[in-house]
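Peer 1: Residue numbers (my numbering): 112 to 429. Ideal placement from N, C-alpha and C gives every residue a C-beta, glycine not left out.
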Amino acid sequence: MKVTEHIAQANGKTLFSLEIIPPRKGENIQNIFDHLDSLMEFQPPFIDVTYHREEYIYKKHPNGLLEKKTTRKRPGTVGICAALKHRYDVDPVPHIICGGFTKEETENALIDLNFLGIDNVLVLRGDAIKSEPQFKPEPEGNNYAIDLLHQVQGMNNGQYLDGDMENANPTDFCIGVAGYPEKHFEAPSLNSDLKFLKQKVDAGAEYIVTQMFFDNQKFFEFEKKCRAMGINVPIIPGLKPLKTKSQLSVLPSFFKIDLPDDLVDAVEACKNNTEVQQVGIEWGIQQSKELKANGVPVLHYYSMGKSTSVQKIAKAIF
Ligand code: FAD
């Protein structure tokens, strides 16, 4: 079932959902099951699975020459989605990205997802890899999320890359996109970023999932601006429970978000990360309560494969 159908069926009730990240290569899917088993009591109708593109590494040979090699740290998005669908009877939402893929490779992945009965995709551009100063698409790849969205929409209309419309079965993916309450870090202004978000919605995106934020006012202002410019699809807030002191600097530097002073003060006053985790849970409960009271369709938690904090927040909210 599509994410939008789950939201419509809930009839105004706020749903619980989460995002998981594939474990590093060599690990076992049981890690994911152990994590999710403890969260299924909150009945997530859908679960997002992130996608991680390959990186380049340089291997030094005895003669001093460097050999460029590709490596993927976290494989398995498609396989994990299939496993979740059949173990839990939930709708998995694979993330698909522009970076690292030609359009042919993207089409092949979408054919597999369609074959597996997966109804939703979150389309994203992806970030630059470590060895690149800025995002660079593959020569035959998609440049922006909207280009990838056009490709998925094309398949939904029976347009495959071989141009054979007569023998093509249209797919029927529900397409989600990302939104940034504190603006995407490359955008010159929030208004510019919102203009491109609106383009994605006008091109067929059916819902928006936001980057994490810790100050609900930022989300409410973002939502108000979206509505004012005619973005009328569901906007799903993404929430991350804080767990360690080091996240005070890691999260702003990695995700380009601000942390509210009250939260920073509370974390700085903690003696250890057990106390920080408790602060993160309490902050997450307050954020979730206020967002739910304001009628958000879904509370979407970035669980990163660790269930304790999300479980405690969900127990207080659902
Ligand atoms: P876009 O919508 O393409 O926007 C990228 C930038 O370009 C923005 O600054 C935008 O304002 C600008 N822009 C957009 N369209 C145009 C245009 N036509 N012309 C000029 N400028 C334009 N990354 C992963 O690698 N894997 C994941 O699984 C993943 N999951 C994510 C889930 C969520 C909910 C979020 C919020 C992010 C996720 N990311 C993931 C990170 C994401 O890939 C990065 O934030 C990336 O830098 C931007 O992706 P986007 O889809 O928002 O890009």
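Please confirm whether residue 325 and residue 292 have their CB atoms less than 8 Å apart.
Peer 2: Here residue 325 is taken as the residue at index 214 of the sequence shown, counted from 1. Here residue 292 is taken as the residue at index 181 of the sequence shown, counted from 1. Taking 8 Å as the Cβ cut-off, residue 325 and residue 292 do not qualify as a contacting pair.
Peer 1: Output the residues surrounding the ligand FAD, defined as those with a CB atom closer than 5 Å to any ligand heavy atom, in chain order.
Peer 2: Cβ-based neighbours of the ligand FAD within the cut-off: 161, 162, 206, 208, 235, 236, 237, 238, 255, 256, 289, 295, 297, 298, 304, 307, 320 and 322.
Peer 1: Whose CA, out of 267, 365, 369 and 396, lies closest to the CA of residue 420?
Peer 2: Stepping through the sequence shown from its first residue, residue 420 is reached at position 309. The candidate whose alpha carbon is nearest that of residue 420 is 396.
Peer 1: Can you round the beta-carbon distance between residue 272 and residue 216 to whole angstroms, since I take them to be within the 8 Å contact cut?
Peer 2: In the sequence shown, residue 272 corresponds to position 161, counting from 1. In the sequence shown, residue 216 corresponds to position 105, counting from 1. Not confirmed; about 11 Å, so no contact.
Peer 1: Candidates 221, 166 and 155: which alpha carbon is nearest residue 211's?
Peer 2: Residue mapping note: residue 211 aligns to position 100 of the sequence shown, counting from 1. Selected option, being the one with the closest Cα: 166.
Peer 1: Is residue 183 near the ligand MG, judged by its Cβ being under 7 Å from some heavy atom?
Peer 2: Among the ligands in the structure shown, the ligand MG does not appear; only the ligand FAD can be found there.
Peer 1: Could you please give the first and the last residue of the uninterrupted alpha helix (DSSP H) stretch that includes residue 223?
Peer 2: Walking along the sequence shown from the start, residue 223 turns up at place 112. 214-226 is the extent of the alpha helix (DSSP H) around residue 223.
Peer 1: With a threshold of 8 Å, are at least 3 pairs of Cβ atoms found where one atom belongs to the stretch 217-237 and the other to the stretch 196-205?
Peer 2: yes
Peer 1: I'd like to check one pair, residue 412 with residue 129: are the Cβ atoms closer than 8 Å?
Peer 2: Here residue 129 corresponds to residue number 18 of the sequence shown, with the count starting at 1. Here residue 412 corresponds to residue number 301 of the sequence shown, with the count starting at 1. Taking 8 Å as the Cβ cut-off, residue 129 and residue 412 qualify as a contacting pair.
Peer 1: Can you tell me whether residue 291 is helix, strand or coil according to DSSP?
Peer 2: The residue labelled residue 291 in the question sits at position 180 within the sequence shown. Reduced to three states, the DSSP call for residue 291 is coil.
Peer 1: Determine the contact status of residue 117 and residue 157, defining contact as a CB-CB distance below 8 Å.
Peer 2: Working through the sequence shown from its first residue, we reach residue 117 at position 6. Working through the sequence shown from its first residue, we reach residue 157 at position 46. Closer than 8 Å, so yes.
Peer 1: First and last residue of the beta strand (DSSP E) that includes residue 157?
Peer 2: Here the question's residue 157 lines up with position 46 in the sequence shown. 157-160 is the span of the beta strand (DSSP E), which, as asked, contains residue 157.
Peer 1: I need the DSSP call for residue 240, collapsed to helix, strand or coil.
Peer 2: Walking along the sequence shown from the start, residue 240 turns up at place 129. Three-state DSSP puts residue 240 in coil, outside helix and strand.
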